[in-house]
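Everything on this sheet refers to the single structure shown next.
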Amino acid sequence: ETTFDRAAAFCVAQADTQDTHPPPANMTSKRRNNGRSKHGRGHVKFVRCDHCNCSPPKDKAIKRFLVRNLVEAAAVRDINDASVLEEYAIPKMYRKMYYCVSCAIHARIVRVRSRLGRKIRDPPRRGRPANQQQQRTQQKA
237 ETTFDRAAAF CVAQADTQDT HPPPANMTSK RRNNGRSKHG RGHVKFVRCD
287 HCNCSPPKDK AIKRFLVRNL VEAAAVRDIN DASVLEEYAI PKMYRKMYYC
337 VSCAIHARIV RVRSRLGRKI RDPPRRGRPA NQQQQRTQQK A
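Under our numbering, read the sequence shown as residues 237 to 377, first letter to last.
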């Protein structure tokens, strides 16, 4: 009996003792889209997280659009006073930010939601409630 024969016999014995259960029929899924928006695409390019520089897939990354004035608030009044033009539009900076899931949760860009809350697919309400806006317009007038 050679070493090869003993190794082959050991592999056969190991294969017999291992559990060979079939996979479950339906694996439970935490999210309807499995945390991605890659419907029908086989592969998606990676992007860099702006917070930790890891590389999540572009469809899985949390995307936010950052719009910020190029001039800080303290200098806006000085520019308006020195400007010859009546209505000078101060330029803005537009930047698309990408975050991985862990950084977005850590920086509170997105929140962890309950099992029922995850099923709500409506976008969150933007701005202030309507009655507060009406009150502010009445106070100004």
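We treat Cβ as the ideally placed atom computed from N, Cα and C, and that holds for glycine.
Which of the three DSSP states, helix, strand or coil, is assigned to residue i?
i, result
"Asn-262", "coil"
"Val-337", "helix"
"Lys-355", "helix"
"His-275", "coil"
"His-342", "helix"
Skipping 5 residues on each side, what residues in its chain have a beta carbon closer than 8 Å to that of residue i?
i, result
"Lys-328", "Val-303, Arg-304, Asn-305 and Leu-306"
"Ala-325", "none"
"Phe-301", "Tyr-330, Arg-331, Lys-332 and Met-333"
"Val-348", "Ile-341"
Got a sec, what are the start and stop residues for the beta strand (DSSP E) residue i sits in?
i, result
"Asn-305", "298–305"
What are the boundary residues of the alpha helix (DSSP H) that includes residue i?
i, result
"Asn-316", "309–318"
Kindly list the residues whose CB is nearer than 6 Å to the CB of residue i, restricted to its own chain and excluding five residues on each side of it in sequence; keep chain order.
i, result
"Cys-288", "Cys-339"
"Cys-394", "Any question about residue 394 goes unanswered here, given that the chain covers just 237 to 377."
"Ser-265", "none"
"Val-280", "Lys-274, Pro-293, Lys-294 and Asp-295"
I think residue i touches residue j, with their Cβ atoms under 8 Å apart; what is that distance to the nearest whole Å?
i, j, result
"Ile-356", "Ile-298", "Rounded, the Cβ-Cβ distance is 17 Å, inconsistent with contact."
"Val-312", "Lys-294", "The Cβ separation is near 35 Å, so there is no contact."
"Gly-271", "Lys-296", "6 Å"
Name, in chain order, the residues that DSSP records as bridge partners for residue i.
i, result
"Tyr-330", "Val-303"
"Pro-293", "Phe-282"
Can you find the residues in the same chain that come closer than 7 Å, C-beta to C-beta, to residue i, ignoring five residues on each side of it along the sequence?
i, result
"Arg-267", "Arg-354"
"Asp-286", "Met-333, Tyr-334 and Tyr-335"
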